[in-house]
Every structure is written in C-alpha cells, then in structure tokens.
Amino acid sequence: MIRLALLLYCIATTAFAQEAEESMTYERLGNIIFTLDPDAIPEGPGFRMTVANVPLIVVTDASADRMRAMIPIRSAQDLTAADLNRMMQANFDTALDARYAIANDTLWATFIHPLAPLEKDQFISGLAQAVNIAKTYGTLYSGGAAQYGGGDSGNLQRALIDELLKKGEEL
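For reference, each letter of the sequence shown is one residue, going -17 to -1, 1 to 154 in mature numbering (1 follows the signal peptide of the UniProt record, and there is no 0).
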C-alpha cells in the first residue's frame, strides 16, 4: 500500500513538473500584456498598458529577477495618518497580492513579484488586484477577491453595511 502511494506520488509529481510553465521573461510578459491590451506600448524594460480603463506601468529587471506593475493613484503629500493606517490595514487583509505604496511623492497601487517564477495567471490576477485597489482607494480598499481575514477591514466594511441598514430602518 505504501509502495502504491509512493508510486502515485512520483507519477503525479512528474506529471506536474512536465506541465509547469516556462520561466517568465520580458518577451513572454510582453506577449501576455499585448493579449490583454493590444495597444500596450513597450517602453525601456517595461510596458505602458491599460486595464479596465486604468493606465498602468509594468517594469521588469531581469538581472534582479523582478517585475513591478504600478498604478499612480494620487499625490502622497496630503495623506493623513488615518489614510496611511487604512491602507496598511488593507495591505494586511483585503489588498491580497497587490499593495499600496508610496514613492516619489505619489501613492501607488502595485503588484510586485519575482520575474522568472511568475506564472501567467498570477500576473493577470495581480494586475487585476492592483487595478481594483486603485479603483477602490478611499472606499473598500479591496483587491477584489476574497478577504484574507484576521485583519480590520472586514469590521470596517461591516460598519458601512450596519450604518446603511440602520438608515434603511427609517423607510
């Protein structure tokens, strides 16, 4: 019985290894990007593209094995402590693989990942999550998928539902 289990494990592992995606490269990433946005523009080691009417920048660095997708949201100069706190809460539980970040006095929605092991579906999902956190900045701060949980966002979002339900009682 143990031998049969080991044999099945070896067969499954070998089959999985054969089906694994090839390493991500600038060229392969470009093919995916142009499938998502035929009007994308190659620019240096990256691309400018649009997803769901949101312009974004994808930058690669093959020597550092990194990829970064970025969406400028707004100036970071006037962010309050409450804004920063809320974004950090979202980074913990609702932004998922996307993140809020600040660089060069700009608030960004980002998806950052090592380049070579990045899989096509991970990249597409990460782009969508970055677009979602950019679009929901100031409201739900959500990557658009399931909430990770264990953080503060669920209670904050529940507070909005409770507030609206209370207002609805007046009808």
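We put the beta carbon where it would ideally sit given N, CA and C, even for glycine. As the structure is a computational prediction, the values presented were derived from the model and not from experiment.
Distances from the CA of S46 to each of A92, L62, L67, Y9 were compared; the closest alpha carbon is that of Y9.
If you draw a straight line from the Cα of T89 to the Cα of E4, it is about 35 Å long. Under the three-state reduction of DSSP output, E26 falls in the strand class.
Rounded to whole angstroms, I24 and R31 show a C-alpha spacing of 5 Å. For M50, there is no enclosing alpha helix (DSSP H); the residue is part of the beta strand (DSSP E) that begins and ends at 49 to 58. Judged by DSSP secondary structure, Y83 falls within the beta strand (DSSP E) whose first and last residues are 82 to 86. Bridge partners of R11 according to DSSP: none are assigned. Under the three-state reduction of DSSP, L110 is assigned to helix. By DSSP's assignment, L90 forms a beta bridge with R57, I85. When DSSP states are grouped into helix, strand and coil, T18 belongs to the helix group.
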